[in-house]
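Peer 1:
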């Protein structure tokens, strides 16, 4: 396991260094978009994967800002502590990312983590992003997991409405410290958006479209665009 993790980190580091080299050599790159999170970031739940919300956002940004360059930092099943380790690699950007989006927390909640631990790790993640990667950070909160089909079929005692709200309070508290904008997935999505047939947990294709719409609205407001 340690060897596999090391290989993964080396691969991710190589990607970052390559991206930074491209930034220096390729004059056509005008805007760098870094997306962080779990398997949702690479489109799991959408068919094809390129219909995932991150790719939809990237396509929209490319239309608005020619020369947009997407880099994804995704770990399937990611918890915030593992993502925090990967964000340390993102420091190689040295503030060159123009936008960073984050969607994390559902796995931590489902695994029974305490909200206070999540808060400590989230604070570290957001502050590292803001100080070393991008001054523009947009983070989504957690949907109402109690209404998601997969957790109805196999109830999880760690998934309660009270815990979802507690985790979302943490996001609401920590985001302002780094001037991060919050995408309110909890209030503005439905359980139908999260009924991917393979596991009943990830966003459907329509759910990814909904996520892209929610992120897009917040991103454009933050960038001062229409």
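Residue numbers (the numbering used here): 43 to 268.
C-beta atoms are modelled at their ideal positions from N, C-alpha and C, and glycine is treated no differently.
Bear in mind that the values here come from a model prediction, so they are computed numbers and not experimental data.
1) Comparing alpha-carbon positions, which option in 265, 266, 264, 252 lies nearest residue 95?
2) For residue 121, tell me which candidate among 78, 134, 264, 109 has the shortest Cα-Cα distance.
3) Considering only the alpha carbon of each residue, which of 256, 218, 99, 198 lies closest to residue 165?
4) Helix, strand or coil for residue 249 per DSSP?
5) Inspect the beta-carbon positions of residue 111 and residue 144 and report whether they are closer than 8 Å.
6) Can you list, in chain order, the residues of its chain with a C-beta nearer than 6 Å to that of residue 83? Leave out the 5 residues immediately preceding and following it.
7) Compute the distance between the beta-carbons of residue 212 and residue 167, then report whether it is under 8 Å.
8) Need the endpoints of the alpha helix (DSSP H) that residue 96 sits in, please.
9) Using the DSSP secondary-structure output, state which residues sit across from residue 182 in a beta bridge.
10) Beta-carbon within less than 7 Å of residue 226's beta-carbon, same chain only, minus the 5 sequence neighbours each way: which residues are those?
11) Of all the options 72, 90, 177, 81, which has the alpha carbon lying nearest to the alpha carbon of residue 247?
12) Can you find at least 3 beta carbon pairs, one from the segment 147-157 and one from the segment 194-208, that sit closer than 8 Å?
13) Given this structure, state the Cα-to-Cα distance separating residue 266 from residue 197, to the nearest angstrom.
14) Compute the Euclidean distance between the alpha carbons of residue 176 and residue 224, then round it to the nearest angstrom.
15) Does the beta-carbon distance from residue 119 to residue 87 come in below 8 Å?
16) Hey, could you find the ends of the alpha helix (DSSP H) residue 162 is sitting in?
17) Are residue 133 and residue 92 touching if we call contact CB-CB under 8 Å?
18) At a cut-off of 7 Å, would you count residue 175 as near the ligand COA, judging by its Cβ distance to the nearest heavy atom?
19) Taking residue 139 as the reference, which of 158, 199, 72 has the closest Cα?
20) Would you identify the three-state DSSP class for residue 270, choosing helix, strand or coil?
21) Here's the rule: buried if 16 or more other CB atoms are within 10 angstroms of the residue's CB, otherwise exposed. What is residue 229?
Peer 2: So, from the data block:
1) For the residues 265, 266, 264, 252, the minimum Cα distance to residue 95 belongs to 252.
2) Ranking the options by Cα distance to residue 121, first place goes to 78.
3) That would be 218, whose Cα lies nearest to the Cα of residue 165.
4) Helix at residue 249.
5) Inclusion of residue 111 and residue 144 in the CB contact set at 8 Å is not warranted, their separation being larger than that value.
6) If we look at residue 83 and ignore the five residues flanking it on each side, its Cβ neighbours are 77, 96, 114, 116.
7) No, the Cβ-Cβ distance between residue 212 and residue 167 is not below 8 Å.
8) Run containing residue 96: 95-106, per the alpha helix (DSSP H) assignment.
9) Under the DSSP definition of a beta bridge, residue 182 partners with 145, 225.
10) Around residue 226: 183.
11) Selected option, being the one with the closest Cα: 90.
12) Yes, since at least three Cβ pairs between the segment 147-157 and the segment 194-208 fall closer than 8 Å, the two stretches touch.
13) In a straight line, the C-alpha of residue 266 is about 42 Å away from that of residue 197.
14) Taking the CA atoms as reference points, residue 176 sits about 15 Å from residue 224.
15) No, these two residues do not count as a Cβ contact at 8 Å.
16) First-last of the alpha helix (DSSP H) with residue 162: 157-174.
17) Going by C-beta atoms, residue 133 is not nearer than 8 Å to residue 92.
18) No copy of the ligand COA occurs in the structure displayed, which carries no ligand at all.
19) For the residues 158, 199, 72, the minimum Cα distance to residue 139 belongs to 72.
20) In the structure displayed, the chain extends from 43 to 268; residue 270 sits before or after that span and is not available.
21) Around the Cβ of residue 229, a 10 Å sphere holds fewer than 16 other Cβ atoms; the residue is exposed.
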